[in-house]
Amino acid sequence: MSLIVRHPFGLVKQLHNDVNQLFDNHLSVFDNYDLGKPLADINPRIDIKEDAEGYTLMVETPGIKPEDVHVTIKDGVLSIKGEHKQEEEKKEENYLRRERVFGSFSRQFSVPQGVTDENISAKVNHGVLEVRIQKTSETESRRINVE
Amino acid sequence: MTGLADIRHGAERAWDNLVEDWKSLRQSAAGALTRFKSNKSEVGTPQSFQLGLLAADVKESDKQVVVKLEVPGMEKQDFHLTVSDKSLVVKGEKHSEVEENENGYHILERAYGSFTRVIPLPSAVDEETTKAKYDKGVLTVTMPKVDTQAVRKISVDG
Numbered sequence: 088m089s090l091i092v093r094h095p096f097g098l099v100k101q102l103h104n105d106v107n108q109l110f111d112n113h114l115s116v117f118d119n120y121d122l123g124k125p126l127a128d129i130n131p132r133i134d135i136k137e138d139a140e141g142y143t144l145m146v147e148t149p150g151i152k153p154e155d156v157h158v159t160i161k162d163g164v165l166s167i168k169g170e171h172k173q174e175e176e177k178k179e180e181n182y183l184r185r186e187r188v189f190g191s192f193s194r195q196f197s198v199p200q201g202v203t204d205e206n207i208s209a210k211v212n213h214g215v216l217e218v219r220i221q222k223t224s225e226t227e228s229r230r231i232n233v234e
Numbered sequence: 004m005t006g007l008a009d010i011r012h013g014a015e016r017a018w019d020n021l022v023e024d025w026k027s028l029r030q031s032a033a034g035a036l037t038r039f040k041s042n043k044s045e046v047g048t049p050q051s052f053q054l055g056l057l058a059a060d061v062k063e064s065d066k067q068v069v070v071k072l073e074v075p076g077m078e079k080q081d082f083h084l085t086v087s088d089k090s091l092v093v094k095g096e097k098h099s100e101v102e103e104n105e106n107g108y109h110i111l112e113r114a115y116g117s118f119t120r121v122i123p124l125p126s127a128v129d130e131e132t133t134k135a136k137y138d139k140g141v142l143t144v145t146m147p148k149v150d151t152q153a154v155r156k157i158s159v160d161g
């Protein structure tokens, strides 16, 4: 193998071309996604706590109606989706400050094996969604007797 | 050379975009960033604090000013509201067992403790008839404007 010394910037140009080619030819997988669009409009803050009987997820969802929050479980993935809907605007009112964000959010969590929808309950209180996941006998690590 | 120039150009553009985004984020959300002071204070250690986002909308009509503030997870008796010098002061305390014991928490993103948020108002309002409601984690404060127009209307005779 021989080492060919090119113009110093040749290497950078080569890299540039390679990266371009990579995006053009090999990353067509991104074509299905709108990369300019953020994945979610809002990113709710979450606390997750574990105790002996199960897990509690506390999700901050201020202003979101309980019927606009959807909690589902499929293939071991707990999915929380919601939409913060804009209120109707009155014409005679004028906004001086707008910090609240409206739109949708989605967060997913993998749950321990054996958890089904029967082990999950959810309620909303003062703008906080509380999802409770009960541990099942399968969830707990089995102790293997050493003989 | 075009490759390098392109990279430089691309990087500059990315940087400019980042700066612009950061500016607009600061403009829209800097006011919402609120300090939560932990109530757990030990002698000799500085009081710890967290930052939480308390997003507010302020709407104005001819007759009133309405402030909506997102403060999820509060009890209504833990709010302390005052109106002074063309601003609404919202003080509150968000209690949680987290403050006692952080054991068992895998993720802790929410902020707890006491906070103060001062929201400037466009005009003088009547504190006496101000109403506040706490629903779905959103505090709505409706403040009727003080009729300052009446003072200015002085008729000149002759």
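Residue numbers (this note's numbering), protein chains in the order written: chain B, 88 to 234; chain P, 4 to 161.
Backbone N, C-alpha and C fix where the C-beta goes; we use that ideal spot for every residue, glycine too.
Quantities reported herein were computed from a predicted structural model and do not represent experimental measurements.
key: Residue burial classification, B:Leu102 (beta-carbon count within 10 angstroms, cutoff 16)   = The residue is exposed, with fewer than 16 neighbouring Cβ atoms inside 10 Å.
message = Please classify B:Glu186 as buried or exposed, where buried requires at least 16 neighbouring CB atoms within 10 angstroms.
response = Counting the other CB atoms within 10 Å of its CB gives B:Glu186 a total of 16 or more, which places it among the buried residues.
message = Three Cβ pairs or more, each shorter than 8 Å: is that satisfied between the stretch 187-204 of chain B and the stretch 119-127 of chain P?
response = Proximity of the stretch 187-204 of chain B to the stretch 119-127 of chain P falls short of the contact definition, fewer than three beta-carbon pairs being nearer than 8 Å.
query = If you follow the beta strand (DSSP E) that B:Gly214 is part of, which residue opens it and which one closes it?
reply = For B:Gly214, no beta strand (DSSP E) encloses it, and the DSSP letter there is neither H nor E.
message = Tell me the rounded alpha-carbon separation between B:Asn130 and B:Ser193.
response = Spanning the alpha carbons of B:Asn130 and B:Ser193 requires a straight line of approximately 8 Å.
request  = Report the residues of the stretch 165-195 of chain B with a CB closer than 8 Å to any CB of chain P, ordered along the chain.
outcome  = Result list: Lys177, Glu179, Glu180, Asn181, Tyr182, Leu183, Arg184, Arg185, Glu186, Arg187 and Val188.
query = Do you know how far the Cα of P:Pro75 is from the Cα of P:Gly55?
reply = Straight across, the Cα-Cα distance linking P:Gly55 with P:Pro75 is about 11 Å.
request  = Please say whether B:Thr143 and B:Gly169 have beta carbons closer to each other than 8 Å?
outcome  = Going by C-beta atoms, B:Gly169 is not nearer than 8 Å to B:Thr143.
task = Establish whether the CB of B:Gly163 and some CB of chain P are separated by less than 8 Å.
result = Judged by the 8 Å Cβ criterion, B:Gly163 is not in contact with chain P.
ask   = For a contact meaning CB atoms closer than 8 Å, what does B:Val99 contact in chain P?
value = Here the neighbours are Gly6, Leu7 and Ile10.
ask   = Candidates P:Lys79, P:Asp19, P:Lys66 and P:Glu78: which alpha carbon is nearest P:Thr145's?
value = Of the candidates P:Lys79, P:Asp19, P:Lys66 and P:Glu78, the one whose C-alpha sits nearest the C-alpha of P:Thr145 is P:Lys66.
Under 7 Å (Cβ pairs) to chain P, residues found in the stretch 201-218 of chain B = Those would be His213, Gly214 and Val215, in chain order.
request  = Output the boundary residues of the beta strand (DSSP E) element that contains P:Lys134.
outcome  = Per DSSP, the continuous beta strand (DSSP E) segment holding P:Lys134 begins and ends at Lys134 to Asp138.
ask   = With a cut-off of 8 Å, does the C-beta of P:Ser64 fall near any C-beta of chain B?
value = Answer yes: the Cβ-Cβ gap between P:Ser64 and chain B drops below 8 Å somewhere.
key: Presumed contact (8 Å Cβ cut-off) between P:Leu72 and P:Val86, rounded CB distance   = The Cβ separation is near 14 Å, so there is no contact.
inquiry  = Between P:Lys62 and P:Phe52, how many whole angstroms is the CB-CB distance? I'm expecting something under 8 Å.
reply    = Wrong, their Cβ atoms sit about 30 Å apart, outside the cutoff.
message = Within the continuous beta strand (DSSP E) that includes B:Tyr142, where are the two ends?
response = Run containing B:Tyr142: Gly141 to Glu147, per the beta strand (DSSP E) assignment.
key: CB contact below 8 Å: B:Thr159 versus chain P   = Taking Cβ atoms only, chain P never reaches closer than 8 Å to B:Thr159, which makes this a no.
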